[in-house]
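Some notes on the structure that comes next.
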Amino acid sequence: MKPVYVFLACVFCAAVVLGGCGGSDSDGDATASAQVPPEIGKAVNDGLTRDEYSAEGARVVKVEIDGDEATAEVELTGGTLDGQTVEATLSQGKKGWKLEKLETFIDLDEAQLQKRYKEVTESLPEKLGPALVRCLTEKFADLPQQKVEAMYLDREEALFRVLGQSCASKPS
2 MKPVYVFLAC VFCAAVVLGG CGGSDSDGDA TASAQVPPEI GKAVNDGLTR DEYSAEGARV
62 VKVEIDGDEA TAEVELTGGT LDGQTVEATL SQGKKGWKLE KLETFIDLDE AQLQKRYKEV
122 TESLPEKLGP ALVRCLTEKF ADLPQQKVEA MYLDREEALF RVLGQSCASK PS
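Position 98 of the sequence shown, counted from 1, bears residue number 99 in the working numbering, the numbering being contiguous throughout.
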């Protein structure tokens, strides 16, 4: 694999790390509506920090609890996923509630996500150059929601590599 492909694949890692900096509220609890148990909000914020999703915090809008499993509607704040609303699954074990996965975008704000993707790409320590940033941003903007979910929620780095390879092989 050419070094430029490896570097471009690292765009994803940088997006997650740079976009996910921050952490939860000072008391470690998410902002939650009166109907959302505080332990659910805390589990979501703890999971965002632990798993390095590209968000700094969250507000749990609503939750459906079924025994030791829960599904929550979560508004993400900060980081690359700022302003996005996702469905999250949680499970309850001996130590309490735990965020299992951000499943799908409920309300995908494509313009905001594209803007944050471009900002993170432009802020990488090693400059990619305006032509490459433009190519990556344009390719990202053309992706269907399913691919965006795979990149951010499933953290499929291979999709970032494909974007990088297609732009790196394109003549300047």
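Every residue gets a Cβ at the ideal spot worked out from N, C-alpha and C, and that includes glycine.
Bear in mind that the values here come from a model prediction, so they are computed numbers and not experimental data.
Rounding to the nearest angstrom, what Cα-Cα distance links Leu144 and Leu82 in this structure?
16 angstroms
Is there contact between the segment 119-136 and the segment 64-78, where contact requires at least three CB pairs shorter than 8 angstroms?
no
DSSP three-state assignment for Val121, whether helix, strand or coil:
helix
Spatial neighbours of Lys140 in its chain, beta-carbon cut-off 7 angstroms, leaving aside the 5 residues before and after:
Leu164, Ser167, Cys168
Using a Cβ-Cβ cut-off of 8 angstroms (strictly less than) and excluding sequence neighbours within five positions of Met175, which residues of its own chain qualify?
It is not possible to answer for residue 175, since the shown part of the chain is limited to 2 through 173.
Would you give the residue range spanned by the alpha helix (DSSP H) that Arg135 belongs to?
131-142
Which residues does DSSP pair with Gly94 in a beta bridge?
Gly97
With DSSP collapsed to three states, give me the class of Thr32.
Low local confidence applies: a pLDDT of 41 at Thr32 is under 50, so the model's placement there is unreliable, with the coordinate-based value given in what follows. Note: Thr32 maps to strand in three-state DSSP.
To which residues of the same chain is Gly79 closer than 7 angstroms at the C-beta, ignoring the five residues directly before and after it?
Gly23, Ala56, Glu57, Gly58
Proximal residues to Ala35 (C-beta, below 6 angstroms), its chain only, five neighbours per side dropped
Unreliable placement is indicated for Ala35, whose pLDDT of 48 sits below 50; no coordinate value is reported for it.
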